[in-house]
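Student: One structure follows; several queries about it will come next.
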Amino acid sequence: MIVSNLGKAETAEAERFNNVSLAKFASIAKVAIKDLLKHPEMAGKGKGPLPRFPLGHLPIGEGKGSVVDSVAIPQPLKSISENGVVNFSWDSEACSEHISLSDHKMRCFLMEAGYCFRSVVGSTGIQGGIAYWEIQVDSRNENELKVGVVARKSFNYNTAFCDYEYGWGCYGLGQLRHGNNASGSKYGRPFRNSGTLGVCLNMIKGELSFALDGNYLGMAFQDVELKKGPLFAAVSLLHKAGCLLVVGKELPPYFPR
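Below, the structure written as C-alpha cells:
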C-alpha cells in the first residue's frame, strides 16, 4: 500500500532510521530508568545523556517522521509525611495465623477459645516525618486491644508486639505497654468495644501520642528510638477482639506538631 510520495529507497532508509532511533532511545531509556530509580532526586535535572524530562516519562524516538512514544517510570514510594497522611493496610505476611483479615486487609479480627495475645503489623514502614492513622474498635470485642508501633516487622506474632523493647503500645485498660507484658503506666481511659483511637507518630521529635474519640490523651512515649525508621503500625488482639484500620487522614489540630 502506498503511504507517501517517497521512492522505495527513501522509504527503506526512513524505516531503517526509525528502527535505529527507537532501539537507540529505548536503550538509553532503560539505563535512565535504572539511574532515576537509584537517584530519584536527579529527575528533571538533566543527569546523564537525557534532556530535562520530568520524572514519570521519557520519550522514545527522534528525527523527522519518527514515531514518538513514552515509557512510564515507577515513582518512588513516599514514606515520609509532613501532614500526617499515610497509606497502608495490615500485612497478611506479618500476622498471627489466628487473626482474620478482611475489607482489603483493613479489618482484623480474632475469635478463639484461648486467651493469648495475637499481633498483626502494618504493610508499609514509616521512615520519618509525622504519621497519623485511626483504629476503630469492633463492637463485638470482649477484650481490650493493644495499639501502637513496632520497630521490627518480624517477631513472634502470637505475642503482643509491645511485650518487647522495640514495641510501644496503648492498652485498652487505660495503660501503656513497652517491653513488658504485665504492667505499665496509667494513660488515658479504658476502651474495649466502642470508640476510635487516633494514633500520632511524630518521628521528628521521637514521640507517640493518642486521642480517644477526638479527645487528646497526652504524650504517651518520648523515645529517641521513635526517630529511627522504619516503624510499623501494630495491634494485638486477645480472645475475641478486632478493629478497623483507617488511613489517609490529615493530623487533627488537637495533636501537637
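Under our numbering, the letters of the sequence shown match residues 41 to 297, in that order. All C-beta atoms in this analysis are idealised placements derived from N, C-alpha and C, irrespective of residue type, glycine included.
1) So, at 6 angstroms on beta carbons, what are the nonlocal neighbours of proline 292 in its own chain, with the 5 sequence-adjacent residues on each side left out?
2) Is serine 110 buried or exposed, if buried means 16 or more other CB atoms sit within 10 Å of its CB?
3) With which residues is leucine 277 paired in a DSSP beta bridge?
4) Under the three-state reduction of DSSP, which class applies to phenylalanine 195: helix, strand or coil?
5) Do glycine 165 and phenylalanine 272 come within 8 angstroms of each other at the CB atom, strictly closer than that value?
6) Can you tell which of Arg158, Lys226, Glu265, Tyr227 has the C-alpha that lies nearest to the C-alpha of asparagine 196?
7) Using only the alpha-carbon positions, how far apart do methionine 151 and glutamine 215 sit?
8) Tell me whether lysine 186 is buried or exposed, calling it buried when 16 or more other Cβ atoms sit within 10 Å of its Cβ.
9) With 16 other CB atoms within 10 Å as the buried threshold, where does valine 190 fall?
10) Can you tell me which of Gly254, Asp178, Ala281, Arg192 puts its alpha carbon nearest to the alpha carbon of alanine 153?
11) Cutting at 7 angstroms between CB atoms, please list the residues of its own chain near serine 121, excluding the five before and the five after it.
12) On the criterion of 16 or more Cβ atoms from any shown chain inside 10 Å, does serine 223 qualify as buried, or is it exposed?
13) Do glycine 238 and glutamate 174 come within 8 angstroms of each other at the CB atom, strictly closer than that value?
14) When burial is assigned at 16 or more other CB atoms within 10 Å of the CB, is serine 249 buried or exposed?
15) With DSSP collapsed to three states, give me the class of valine 190.
Tutor: In short, the structure shows the following:
1) No residues qualify anywhere along the chain.
2) For serine 110, the predicted structure reports a pLDDT of 38, less than 50, and the residue's modelled location is therefore unreliable. A value from the coordinates is still provided. With fewer than 16 Cβ atoms within 10 Å of its Cβ, serine 110 is classed as exposed.
3) Leucine 277 pairs with Arg158.
4) If DSSP states are grouped into helix, strand and coil, phenylalanine 195 belongs with coil.
5) Yes; because the gap between Cβ atoms is below 8 angstroms, this pair is in contact.
6) Checked all of Arg158, Lys226, Glu265, Tyr227; the closest Cα to asparagine 196 is Arg158.
7) If you take the alpha carbons of methionine 151 and glutamine 215, they lie about 23 angstroms apart.
8) Buried: at least 16 other Cβ atoms inside 10 Å.
9) So valine 190 counts as buried.
10) Ranking Gly254, Asp178, Ala281, Arg192 by Cα distance to alanine 153 puts Ala281 first.
11) If the five residues before and after serine 121 are omitted, its C-beta is found closer than 7 angstroms to the C-beta atoms of Gly169, Ile170, Ala171, all from its own chain and listed in chain order.
12) It is exposed - the Cβ of serine 223 has fewer than 16 other Cβ atoms within 10 Å.
13) Yes, the pair counts as a contact, with Cβ atoms nearer than the cut-off.
14) Taking a 10 Å sphere around the C-beta of serine 249, we find 16 or more other C-beta atoms and assign the residue as buried.
15) DSSP, read as helix, strand or coil, puts valine 190 in strand.
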